[in-house]
Each structure stands twice: as structure tokens, then as C-alpha cells.
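As they're listed, the protein sequences go chains A and B.
Oh and the first sequence: position 168 is 168 in my numbering, straight run, nothing missing.
To convert, count from 1 in the second sequence and add 441; that's my numbering.
Ideal placement from N, C-alpha and C gives every residue a C-beta, glycine not left out.
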Amino acid sequence: MSQIASIAVRQTLISTTIVLCAVLGFAVVAIGTTAASMRADLLRTIDTDIVGLADVMAGGGITDLRLRIDDRLALAPSGGPAALYRLTDQVGTRLAGNLGPIPPLDAARSAVGEASTPEGLALLRATRLRGGLVLVVGRSLAPLTALIAHLEWILALSALATLAAALTVGLFAAGRLGTRVARLNDAFDRFDAGDFAARAAPRRGGDELAQLGQHVDAHLDRIEQLFRAQRQISDDIAHELRTPLVHLDTRLLDALERNHDPAVAASLDRARADVRSVVSLFDALLDIAMTESAGGGMTAGTRIDLSDVASDLAELYAPSAEEAGIDFVRRIAPGVEMRGEAMQITRLIANLLDNAFKYSPSGSRVRLTVATGPRLVVEDNGPGVALADREAIFERFRRSTATGNGHGLGLALVRVIAVRHGLTARVEDAAPGARFIVEPV
Amino acid sequence: MIVMLILALVAGAEPADDFTRVVDAIARGGSARPAARRDAARALAAAGAHPVDGTHDLAAAWGAMRTPPYRDRALGPGYRQIAIGGGSSARFEQVFLAGQRARVAVVMHGNAAVRLAVTDDDGQPQCGAREHAGRCDWVPLWTTRYRIELQNPGSAIASYTVVVE
Numbered sequence: 001m002s003q004i005a006s007i008a009v010r011q012t013l014i015s016t017t018i019v020l021c022a023v024l025g026f027a028v029v030a031i032g033t034t035a036a037s038m039r040a041d042l043l044r045t046i047d048t049d050i051v052g053l054a055d056v057m058a059g060g061g062i063t064d065l066r067l068r069i070d071d072r073l074a075l076a077p078s079g080g081p082a083a084l085y086r087l088t089d090q091v092g093t094r095l096a097g098n099l100g101p102i103p104p105l106d107a108a109r110s111a112v113g114e115a116s117t118p119e120g121l122a123l124l125r126a127t128r129l130r131g132g133l134v135l136v137v138g139r140s141l142a143p144l145t146a147l148i149a150h151l152e153w154i155l156a157l158s159a160l161a162t163l164a165a166a167l168t169v170g171l172f173a174a175g176r177l178g179t180r181v182a183r184l185n186d187a188f189d190r191f192d193a194g195d196f197a198a199r200a201a202p203r204r205g206g207d208e209l210a211q212l213g214q215h216v217d218a219h220l221d222r223i224e225q226l227f228r229a230q231r232q233i234s235d236d237i238a239h240e241l242r243t244p245l246v247h248l249d250t251r252l253l254d255a256l257e258r259n260h261d262p263a264v265a266a267s268l269d270r271a272r273a274d275v276r277s278v279v280s281l282f283d284a285l286l287d288i289a290m291t292e293s294a295g296g297g298m299t300a301g302t303r304i305d306l307s308d309v310a311s312d313l314a315e316l317y318a319p320s321a322e323e324a325g326i327d328f329v330r331r332i333a334p335g336v337e338m339r340g341e342a343m344q345i346t347r348l349i350a351n352l353l354d355n356a357f358k359y360s361p362s363g364s365r366v367r368l369t370v371a372t373g374p375r376l377v378v379e380d381n382g383p384g385v386a387l388a389d390r391e392a393i394f395e396r397f398r399r400s401t402a403t404g405n406g407h408g409l410g411l412a413l414v415r416v417i418a419v420r421h422g423l424t425a426r427v428e429d430a431a432p433g434a435r436f437i438v439e440p441v
Numbered sequence: 442m443i444v445m446l447i448l449a450l451v452a453g454a455e456p457a458d459d460f461t462r463v464v465d466a467i468a469r470g471g472s473a474r475p476a477a478r479r480d481a482a483r484a485l486a487a488a489g490a491h492p493v494d495g496t497h498d499l500a501a502a503w504g505a506m507r508t509p510p511y512r513d514r515a516l517g518p519g520y521r522q523i524a525i526g527g528g529s530s531a532r533f534e535q536v537f538l539a540g541q542r543a544r545v546a547v548v549m550h551g552n553a554a555v556r557l558a559v560t561d562d563d564g565q566p567q568c569g570a571r572e573h574a575g576r577c578d579w580v581p582l583w584t585t586r587y588r589i590e591l592q593n594p595g596s597a598i599a600s601y602t603v604v605v606e
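Structure, rendered in C-alpha cells:
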């Protein structure tokens, strides 16, 4: 599993992104509020200066006003934002101040604006005094700009530190969580592959994952017991039921050899056929049970050449097909490989071919196709499978309604083997006939 | 805020500004009810109203945080408390910025009446029609000192709060 696919890693990245957004949002608000507050303070300072100068103008006229402006420039305190003044007459001639021409500000409305000055960017207010004079008072924005730049650096470094800390802690926690979840998955994987001793073995007590691990182990214990019980039952059937039936068949054969009455011989033959039918039923059931209880899928099994397996099997079926008057067509692509167990795949193909030949009358055609994927197709042009039966025929003891022969276990075993190999088995209409397809999920 | 603005527009009313809120708060703060005084104090603090030249900080007195006084500056909403004897008058000066709306309102306490006059540094009246209602609203042509004069037409001493912006 890739790191990005991990829930814990994704949660860490989401949380980190949220934290980063929150820090950046705070930075924007903090810088914006600080800048607005400082700008408002600067404007209040300018207004206070204007009021003072307006008082000077009212008390002492333009002469005093020019003197006071010069005084203020001469006695300007160092360290603060530089003070800027410009007093002009009605034709725009500068009468006092240190400020050169500035972009037009509407003095009649005491407008406020920003302008570039030799002191840098400055906040200015222009206002009209009696007699057509225009007074512009300003303060340099350089300290404010420097402070904002300083704040931006501090907040950027804070954001980076927060991001690094959140990512480090989050990814460390995600890594630990991932390791513990991987132990659970590993236990399932090994158990699925046939290692019935595989357990998550979490520490006792502990957190939710430890409790989940204990549940996992308890269920694996239970599944192992069920597997062993099923095997025991299968072994019992094989040894306690199948063996007496074989003995019974032997005795029937012995009786048949000693008997000279044709009617009794016919009855003994039918009895032997019934015994063989029961034995084959047990064999089929045992096959299914053993396949299901073998433990684990075969997708991690040895690599087998499906083309070779199918070709060998087709060679065995070809004479029977010819004898039955069936056109047996083989389209087997060379070199198709898959992981699995050759014997089980052989059984799967054989069951499909048995099924096809069983429902194909003389003069019909059966086609076996093997293609990359792997994709295995057995197609006949017999009576086909009714739509309602296409899923049911893969269940145990279910037969097609077309004939009543067989135990109805062949296709059930096909599906069990297919599933163990990570494949699906299904049937579709071949118009006419049935097409059985086995391919990856 | 937006909802209040919409309601005010729907009702056809002019949205209240800081100056109006300060005038209303000072009028309400005269109430003897503590809750009304606390509400008025909060309104004064929220509007940024400041006491002018020695006047008590009404927001602090009525229960909100103390606000620094204004001195020698163009005002945001500011207020000054004045007591005037019967038939007497009081005056003070205030600088207003050219082209910026200037407003003066007198909040009368009790049954006191008042006559308000605002003149520029040339003695020219700035508002006449509404001065007897204790309100004056004008746009100064120049940035200069304006004289604000209150006259108590009654016979008894009366107290007023003058709000300027």
C-alpha cells in the first residue's frame, strides 16, 4: 500500500493542511489588523498635527504658521515616522515644508492618500485653510512597511515551524498506526495463504487497535478450529464411509463372478453402478470440501502454464469427442500462465468439458478457448442454460433442467476452484448453447 | 449588520452612524436604571466616543472600559459636559476639517432648554435653522477653529452634554 493511500497519512496531511490554513489565516488577519490599526494611529497623529497648525493659523496668521512648520521640521524627533509638510498658496507656490509636489489630493474635502516621497511611501492629508492656502501634513509609512515585512517573516517562519512539527508528529503517529494495522493485515494474509498459525498477537489490554487485534486472533482461532473440524469430517467420510462402499463393490463383483444367472447378474450390475455413483458423489463432495478447506487462495501459488494444462487435457478428450461425433475445437493461445495449482485447474477444465460433452449431442460442436488474462472459455451448441438457472447451476446439487443426470456437483467444484484462484466462473448464452467463462475478477 | 442595514433601508430610515449612536446613548444614559446606563456605556465604547477636555469618562462611569480623552485634535465622536446658570451662556472652540461633515448636538438633561450657535473664526454662523433644536450640521469650507456657544434661556441652572464630530 502506498503511503498516500494510508488513512492515517491522509488524515495527517488533511490535519496539517487545516493547521497551515489556520496559521496563514491568522497571519493575514493579524497583519491586516496591525496595518490598519497603525495606519489609523498615523492618521490620528496627522490630524492632531493639522488641528494644532490650524490653531496657529487662526491665532497668528500665515507668518506664524510658516514658522511653526519650520520649527516642527527642525525639532522632529528621530526614530519615529518622518514628518512631512507642504504649505502652498492659492496658485500652488510652496510657502513652507519639506514636501515637494505630490499627486493631487482634494484639499477642499480634506482628502487622505498615499504618495511616494523622498522618505518613501507616505500617508498624507491635504486640507484647505482660510485664504486659499493648502496644508498637506503626512507621515512616512516606512516604519509601518518595515514592521509589516518583519511580521510577515515571523509569521512565515512560525507557519513553517508549525507545518514541520505537525507533519513530523503526524507522520510519526501515522507510521506507528500503519505498522500496527499492517500486523493485522499480515496475519490475515498469512492465514489466507494457508498458515493457520498466523496471528496478530497484539499486546493485552491497550487501545482500540489492541482490542481489534485480540478479536482478530480470537476469530482466526475459531476459523482454524472450523477448518480442522471440516477436515476431520472429510477424513471420516473418506475412511469410514467410502472404504466400506469400495468393499461392498468388491463383494458385488465377487458375487457377480460366481453367479451364472443373467437376471441376478443384471441386478448386481445395477447395484454396482449405484455403489459407484455413491462413491463418485462422495469423491465430488470431498473434492469440494478439501478445496474449500485447503486454506488460503492460490493467487500466490506456483506459476503454471495454463496453455500446457489445457492442451494436455484436450488431447485426452479428443478421442472421446471423435467417438461421440462431436466437433471438438481447440483454440489455445500458447504461453498463457497463471499462479495456482495445476491439479485443481485440470479438474476445473475437465469438469467444464465433461459438462459440455454431456449436453452436446452427436454432430454438435464443443470449443475450448484459452487466452491471456487468463481467460478460459468452454462453449457448446447444445440446449444451453435457461436464464433463471445460470447462477443456480453453480450451487451444489443443482442441475440444469435439461437433463437429470449427474449429482450436480461438477460446476459447484468449478466455481470453488475458480474462486480459490481469484477467478470468476459464469455462464452465458452462446445462441445456441452455453458458454462457460472463467476469468479474473 | 447586513440584516440591520436592510431592515433600516426597508423601513426608509437612515442607518444610525456613530454620532447618532453617541447622542442616543448619552440621552439614554441619563436614566436611573442601571441596565440602561450599562447599555449606554457599551454603546459609547463601541462608537469610540471620547470625553473632551476634563469631562468625565461617561462610558467608564456607567460601567464600560475607560477611554482616553481627546485633546487638541479633530474629533471622532467626542462629548463635553457643561452646566450653565439661568440666562447665561458658555462657549468653547473646536477645530473641524474642511470638506468633512461637522456635527454638533446638545443632549439636554431634565427639562432644560438650550440655544445653540456655531460660528467660524470670522463670526459667520454655520447653521441657523436647527440651532434651537440643539443640533447643528454643516460642511466647513476651511479647516479652522469654530466657536460653539450654548445659551440657557431658562432661569435655573441646567446641565448639558455636547456631542461633536
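Is there at least one Cβ from chain D nearer than 7 Å to GLY528 of chain B's Cβ?
Of the chains in the structure shown, none is chain D; the protein chains are A and B.
ARG390 of chain A (DSSP reduced to helix, strand or coil):
By 1-based counting over the first sequence, the position of residue 390 of chain A is 390. In this structure, ARG390 of chain A counts as coil in the three-state DSSP scheme.
My parser needs the alpha helix (DSSP H) runs of 4 or more residues fully inside the stretch 190-267 of chain A; what are they?
208-236 and 243-258
Using three-state DSSP, classify GLU439 of chain A as helix, strand or coil.
For the purposes of this step, residue 439 of chain A is identified with residue 439 of the first sequence, where counting begins at 1. DSSP places GLU439 of chain A in strand when its eight states are reduced to three.
Between GLY25 of chain A and ALA146 of chain A, what straight-line distance do the alpha-carbon atoms span, to the nearest angstrom?
Indexing the first sequence from 1 puts residue 25 of chain A at position 25. Indexing the first sequence from 1 puts residue 146 of chain A at position 146. Their Cα atoms are separated by approximately 21 Å.
Can you tell me the Cα-Cα spacing of ASP221 of chain A and LEU411 of chain A, whole angstroms?
Locating residue 221 of chain A in the first sequence gives position 221, where the first residue counts as 1. Locating residue 411 of chain A in the first sequence gives position 411, where the first residue counts as 1. Whole-angstrom Cα-Cα distance: 31 Å.
Tell me the DSSP secondary structure of ARG426 of chain A in three-state form.
Start at 1 with the first residue of the first sequence, and residue 426 of chain A comes out as number 426. Of the three classes helix, strand and coil, the one that applies to ARG426 of chain A here is strand, per DSSP.
If you pair each beta-carbon of the stretch 130-150 of chain A with each one of the stretch 167-185 of chain A, do three or more pairs fall below 8 Å?
no
Report the option in A:ILE233, A:GLY422, A:VAL329 and A:GLU322 whose CA atom is closest to the CA atom of VAL285 of chain A.
For the purposes of this step, residue 285 of chain A is taken as residue 285 along the first sequence, with counting starting at 1. This sequence places Leu at residue 285 of chain A; Val is not what is there. It is A:ILE233.
For the stretch 572-591 of chain B, which residues have a beta carbon sitting closer than 7 Å to at least one beta carbon of chain A?
TRP583, THR584, THR585 and ARG586
From PHE282 of chain A to ALA229 of chain A, what distance separates their C-alpha atoms?
Reading the first sequence from its first residue, position 282 is the one you call residue 282 of chain A. Reading the first sequence from its first residue, position 229 is the one you call residue 229 of chain A. Computed Cα separation, rounded: 17 Å.
Alpha carbon of ALA142 of chain A to alpha carbon of LEU121 of chain A, nearest angstrom
In the first sequence, the residue the question calls residue 142 of chain A occupies position 142. In the first sequence, the residue the question calls residue 121 of chain A occupies position 121. Cα-Cα distance, rounded: 6 Å.
Using 7 Å as the limit for Cβ to Cβ distance, is LEU485 of chain B near chain A?
Indexing the second sequence from 1 puts residue 485 of chain B at position 44. Not one chain A Cβ lies under 7 Å of LEU485 of chain B.
Given GLN541 of chain B, which residues of its chain have a CB within under 6 Å of its CB, disregarding the five upstream and five downstream residues?
Your numbering for residue 541 of chain B matches position 100 in the second sequence. Cβ neighbours of GLN541 of chain B beyond the five flanking positions: none.
Note down, in chain order, each residue of its chain lying with its Cβ closer than 6 Å to the Cβ of PHE436 of chain A, except the 5 sequence neighbours on either side.
For the purposes of this step, residue 436 of chain A is taken as residue 436 along the first sequence, with counting starting at 1. Hits under 6 Å: LEU352, VAL378 and VAL427.
Suppose you measure from the CA of THR63 of chain A to the CA of THR585 of chain B; what does that come to, to the nearest Å?
Counting from 1 along the first sequence, the entry for residue 63 of chain A is found at position 63. Counting from 1 along the second sequence, the entry for residue 585 of chain B is found at position 144. So the two alpha carbons sit approximately 16 Å from each other.
Just checking: is the beta-carbon of ARG449 of chain A within a distance shorter than 7 Å of some beta-carbon in chain B?
Chain A is shown only over 1 to 441; residue 449 of chain A falls outside these bounds and no answer can be derived.
Residue of A:ILE31, A:ASN259, A:ALA107 and A:PHE196 minimising C-alpha distance to GLU152 of chain A
If you number the first sequence from 1, residue 152 of chain A lands on position 152. Taking only the C-alpha atoms, the option nearest GLU152 of chain A is A:ILE31.
Output yes if chain B places a C-beta closer than 7 Å to the C-beta of VAL91 of chain A; else output no.
In the first sequence, the residue the question calls residue 91 of chain A occupies position 91. Not closer than 7 Å to any Cβ of chain B, the Cβ of VAL91 of chain A fails to qualify, so no.
Which chain B residues sit within Cβ distance under 9 Å of SER37 of chain A?
Counting from 1 along the first sequence, the entry for residue 37 of chain A is found at position 37. Within 9 Å Cβ-Cβ: nothing; SER37 of chain A doesn't reach chain B, min ~13 Å.
Can you confirm whether ASP562 of chain B, when its beta carbon is compared against all beta carbons of chain A, has any partner nearer than 7 Å?
Against the second sequence, residue 562 of chain B aligns to sequence position 121. ASP562 of chain B counts as touching chain A.
Under three-state DSSP, which class holds ASP494 of chain B?
Taking the first residue of the second sequence as position 1, residue 494 of chain B is located at position 53. If DSSP states are grouped into helix, strand and coil, ASP494 of chain B belongs with coil.
Does ILE288 of chain A pass the burial test, meaning 16 or more other C-beta atoms within 10 Å, or should it be called exposed?
The residue given as residue 288 of chain A occupies position 288 in the first sequence. Classification of ILE288 of chain A: buried, given that the 10 Å Cβ count is 16 or more.
Rounded to the nearest angstrom, what separates THR139 of chain A and ASP70 of chain A at their Cα positions?
Taking the first sequence and counting its residues from 1, one reaches residue 139 of chain A at position 139. Taking the first sequence and counting its residues from 1, one reaches residue 70 of chain A at position 70. The amino acid at residue 139 of chain A is misidentified as Thr; the sequence shows Arg. Taking the straight line joining both Cα atoms gives about 16 Å.
Beta carbon proximity, GLN607 of chain B to chain A, threshold 7 Å
For chain B, the structure presents residues 442 to 606; residue 607 of chain B sits outside this window and is missing.
Less than 6 Å between C-beta atoms, sequence neighbours within five positions excluded: which residues of the same chain meet that for ALA466 of chain B?
Here residue 466 of chain B corresponds to residue number 25 of the second sequence, with the count starting at 1. ALA481, ALA484 and LEU485, listed in sequence order.
VAL56 of chain A beta carbon less than 7 Å from that of ARG68 of chain A:
Sequence index remark: in the first sequence, residue 68 of chain A carries index 68 (1-based). Sequence index remark: in the first sequence, residue 56 of chain A carries index 56 (1-based). Cβ atoms of ARG68 of chain A and VAL56 of chain A: closer than 7 Å.
What does the Cβ neighbour count give for ALA543 of chain B, buried or exposed, with the cut at 16 atoms within 10 Å?
Working through the second sequence from its first residue, we reach residue 543 of chain B at position 102. Buried.
Is there a C-beta anywhere in chain B that falls below 7 Å from the one on ARG66 of chain A?
Taking the first residue of the first sequence as position 1, residue 66 of chain A is located at position 66. Output row for ARG66 of chain A: interface = no.
Stretch-stretch touch, CB-based, cutoff 8 Å, three pairs: the stretch 260-277 of chain A with the stretch 311-321 of chain A:
no
Please check if any C-beta of chain B sits within less than 7 Å of the C-beta of SER110 of chain A.
Locating residue 110 of chain A in the first sequence gives position 110, where the first residue counts as 1. Taking Cβ atoms only, chain B reaches closer than 7 Å to SER110 of chain A, which makes this a yes.
Run through the stretch 1-71 of chain A for me and flag every whole alpha helix (DSSP H) of 4 or more residues, listed as ranges in chain order.
none
Suppose contacts are defined by Cβ-Cβ distances below 7 Å. Is LEU538 of chain B in contact with SER110 of chain A by that definition?
On the second sequence, residue 538 of chain B is found 97 positions in, with the first residue counted as 1. On the first sequence, residue 110 of chain A is found 110 positions in, with the first residue counted as 1. A contact, by the Cβ cut-off of 7 Å.
Starting from VAL604 of chain B, trace the beta strand (DSSP E) in both directions and tell me its first and last residue.
For the purposes of this step, residue 604 of chain B is taken as the residue at position 163 of the second sequence. Residues 599-605.
With 16 as the cutoff for other CB atoms within 10 Å, does ALA599 of chain B come out buried or exposed?
For the purposes of this step, residue 599 of chain B is taken as the residue at position 158 of the second sequence. With 16 or more other Cβ atoms within 10 Å, it is buried.
Within a Cβ cutoff of 6 Å, which residues of the same chain sit near GLU391 of chain A, ignoring the five residues on either side of it in sequence?
For the purposes of this step, residue 391 of chain A is taken as the residue at position 391 of the first sequence. Same-chain partners within the cutoff: there are none.
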